[in-house]
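Q: If you scroll down you'll find the structure; I have some questions about it.
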Amino acid sequence: AKSAETLAMVPTNSGMLALDEDGTRCSSDYYLRLTGDGGRMLKGQIALTATRPTPPTLGGDTQAPSVPGNLAVTGKTATSVTLSWSASTDNVGVTAYNVLRAGTVVASPASSPYTVTGLSPNTAYTFTVTARDAAGNTSAPSNAVNVTTNAGTAAIALRSRANSRYVTAANGAALIANATSVGTGQQFERVELGNGNIALRARVNNQYVCAEQAGAQPLIANRAAVGPWETFALVTNSNGSVSLRAQANGQYVCAEQAGAQPLIANRAAIGGWEQFDIVPA
């Protein structure tokens, strides 16, 4: 702090001030006297300019995009809804849109249109859309649209004649006939493909059953669309049971080891392990 001694050391008319620890403005010039061991005076005068760092100017893009317009439903199935909307504008640029279902973001597509999948049949949903830019600014929500998905195909279950157990697609694992009762994991939708061919869509994940690796690996419900590996010929047997012949390799689906191992399309002929009952689920 200033003292009589420090004030006396300031040269007359020098324009300098004594160093002050208690409030002298930081932009002022100061006079500093240095002392060494034993209080001996070090000769010389040093003119110092103390500066206060200038705080950074906060700014950047703070403008939100315009509200997406004319949100509408342009298509729907039992498990999906297709939405379209008018593009938003922004002073810098729109980077993505948020699709919200009942106020919760379910997807962030780059543009319109967008198809929301994984929905339940015959179920009502409400959707809105917001726009966002690179700075994270988000627009207000668009108009809301209400939609009810189509009624789904009646669910079925497959019961193996090998062990009288139901085929399950639960937990994302290979299909296996080991369930004693029918729940969501044992429910399938039978999709007619024509010419006696069908596909099976698992209710547990809305994925199609696939003869993986052209039938070299067990059946698994992991495909979003139907191709040759997801196509099966439905063969009705004389005893009322059915068998599935994979288009992938022309082999019949088998409940391997009497159902103790996963289903796989690897049999050239129909026996007890290749027979199933289709039952309502």
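Using the numbering used here, the letters of the sequence shown correspond one by one to residues -11 to 269.
All C-beta atoms in this analysis are idealised placements derived from N, C-alpha and C, irrespective of residue type, glycine included.
Just so you know, these numbers come straight off a predicted model, no measurement behind them.
1. Going by DSSP, what residue range makes up the beta strand (DSSP E) through S96?
2. Using alpha carbons as the reference points, say which of P53, S229, N193, A60 lies closest to S152.
3. Would V155 pass as a contact of L222 if the rule is Cβ separation under 8 Å?
4. For P101, name the three-state secondary structure that DSSP assigns.
5. Does F56 come out as helix, strand or coil in the three-state DSSP assignment?
6. For Q245, name the three-state secondary structure that DSSP assigns.
7. Indicate whether T137 and T92 have their beta-carbon atoms separated by less than 8 Å.
8. Between the beta-carbon of F176 and the beta-carbon of A165, is there less than 8 Å?
9. What separation, rounded to the nearest whole angstrom, lies between the Cα atoms of E218 and E200?
10. Would you mind reading off the limits of the beta strand (DSSP E) that contains Q195?
11. Using 8 Å as the Cβ pair cut-off and three pairs as the minimum, do the region 197 to 211 and the region 65 to 79 touch?
12. Look at the alpha carbon of G63 and the alpha carbon of L71, and state the distance between them as a whole number of angstroms.
13. If contacts are defined as beta-carbon pairs under 8 Å, then A243 and W261 qualify, I think. What distance do you get, rounded to the angstrom?
A: So, from the listed chains and residues:
1. Run containing S96: none; DSSP gives neither H nor E here.
2. S229
3. The answer is no: Cβ separation not under 8 Å.
4. coil
5. For the record, residue 56 in the displayed sequence is Pro; it is not Phe. Looking at P56 - three-state DSSP - the assignment turns out to be coil, as it is neither helix nor strand.
6. helix
7. no
8. no
9. 9 Å
10. 195 to 199
11. no
12. 7 Å
13. 5 Å
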